[in-house]
Structure formats: structure tokens, C-alpha cells
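Okay, so here's the structure we're looking at.
In UniProt numbering, the protein residues as written are 1 to 295.
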């Protein structure tokens, strides 16, 4: 347990240092970089988050009887699935644009190769597909892998959000709060060209994601009452985070003054909440049984 506490302390330290670095760009006196040498900072942040999440899995999994070998096998399938799902999810959300720019789906742009734009909901769908594939392999232990994956996913999201900062995307409404973030004119949305400072929603979501990851790690280790519990808690917790952050993000309202992502979040919270309560009340026996031996 000491190694786990030290690791999560390290994650918070890295997050704080990264935050301190990006905050130096908020006044608009320095140009925000988008590359480190030949590498896109967006890709570096995504990779950093994936590495941290994988290391967390290696620390948390064995404590609950999930072998490193099984974690490695799942990672080899889940990571490629997740990346493809994340990209396809983003492309589908922006289908009209990519119909007119099909080569940009795979990162070929007029300025060269540059792949950006991922969807967390695409990752979640891909993760479910991976779990279905693994069910035929390891049986009920698939739910253990699902709980472990749900525990660490918010780590990847927390650090991946810094990639949005370096791309100057997914920022919030114009604001005059002390922590306002300067956006270059070239990255401002239509209708906001005369506004220079915006809510740093990447930071809001990143901070809440890392806080959520820390909470889920504690619950995975000490408060798990049935297999699949952390999956449901992740879906509800991230949906709540997304619901809150969307109030600051520039998006057209869809219904009742709420964004589409907020409506989807509410649906997920309600459905997962019902499943959670019913499982606690009636279904715990469904998640107890002999797991198959890993090949």
C-alpha cells in the first residue's frame, strides 16, 4: 500500500508542476507551443497519461489478485482498441467536417501529418468491446479487469487534458476571472474573435479527473462490494464531472438549455445508478463464481 500512496502522490506532484508550467502562458505574453521537437505535445500528453495509467494498474491489480500477466494481455488489446475508438468517436461527432476532409481522419492535413481530436465516449465503447472479447477468455474475471480499467482511466484523462491546452481547443466561455486563459486569434471560435481570455476548462476537467481517479483507487482497494462496481462508479463519476464542466464550455444548447454531452451524462448517471442499486439489492450473486483459468 505504501507504494500505491507514493505513486498517487507522485501523480499529483506531476499534475501540479504541469499546471504551474501551463499557467505561465495564461496572460498571453508567451506563445503556446504545440510541439516538442518533432513530436506533438498533444500526443506526448496522451502517451504520458497512458503510461501513468498502466503503471497504476500494475500497482493496484495484484493487490486484488489480478496478475501482471493478465493486465499486460488486456493492455495489449485495450490500448489499440481505445485509441481507434477514441478517434472514431471524435470523427463521428464531427462527421460533417470529415466528409469534406476525409484524409484528416487519419491525420493527413494541408500542413503535414497531425492527428488530434479524441472522444472519451469512443474509449468507453471500445473498452466495453474489449471486455466482451475477454469474457470468453477469462470468464467472470473480466469484471475484475473492468473495475481495474475503470479505476485507472481517469488518470489518462487527467493528463490527456493538457493536450487540449497545447492545441488551444475545448476551452470555455470568455471570462475575466483571475485564472483566465489567453487564446490566440487563430484558435478562437466564430463569434468570439474579439474576446482574448477564456475559462481553462481543460484544467477544470483534468483536476476533477485526477481527484476522481484517487477516489476510485481507494474504493477499488477498500470499498468494492461486487464485481463491476467500479465500472458503474466511474461512469457516474465522470458523467458528473462532464456535466459540471460543460457549463463553462462553448457548445450550442440542445434541450432545456443543456448541451448534448450534459443530456448524455444525465442518462448515464440515471441508468448506472439504477443498475448499481439493483445489483446491491438483488444481483450480487450474479457476480460471484469460479473464474476461468487464463490461457
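Yeah, the Cβ is synthetic: ideal placement off N, Cα and C, and Gly gets one too.
Inset, instruction - Indicate whether residue 32 and residue 165 have their beta-carbon atoms separated by less than 9 Å. - result: Taking 9 Å as the Cβ cut-off, residue 32 and residue 165 qualify as a contacting pair.
Legend entry - Start and end residues, alpha helix (DSSP H) containing residue 214: Counting along the chain, residue 214 sits inside the alpha helix (DSSP H) bounded by residues 201-222.
Legend entry - Nearest-angstrom Cα separation, counted from residue 158 out to residue 17: 13 Å
Legend entry - Helix, strand or coil at residue 225 [DSSP, three-state]: coil
Legend entry - Where residue 72 falls, given that 16 or more other Cβ within 10 Å makes a residue buried: exposed
Inset, instruction - Given a cut-off of 9 Å, decide if residue 79 and residue 146 are closer than it, judged by their beta-carbon atoms. - result: Contact check for residue 146 against residue 79 fails: the beta carbons are separated by 9 Å or more.
Legend entry - Pick from 57, 271, 124 that is closest to residue 220, judged by C-alpha positions: With distances taken between Cα atoms, residue 220 lies closest to 57.
Inset, instruction - Taking only the alpha-carbon atoms, compute the straight-line gap between residue 245 and residue 205 and give it to the nearest angstrom. - result: Approximately 6 Å, taken between the alpha carbons.
Inset, instruction - Would you mind working out which of 277, 23, 258, 163 sits nearest residue 48, comparing C-alpha positions? - result: Ranking 277, 23, 258, 163 by Cα distance to residue 48 puts 163 first.
Inset, instruction - Out of 23, 2, 89, point me to the one whose CA is closest to residue 59's CA. - result: The shortest Cα separation from residue 59 among 23, 2, 89 belongs to 2.
Legend entry - Separation of residue 197 from residue 278, as counted between CA atoms: 46 Å
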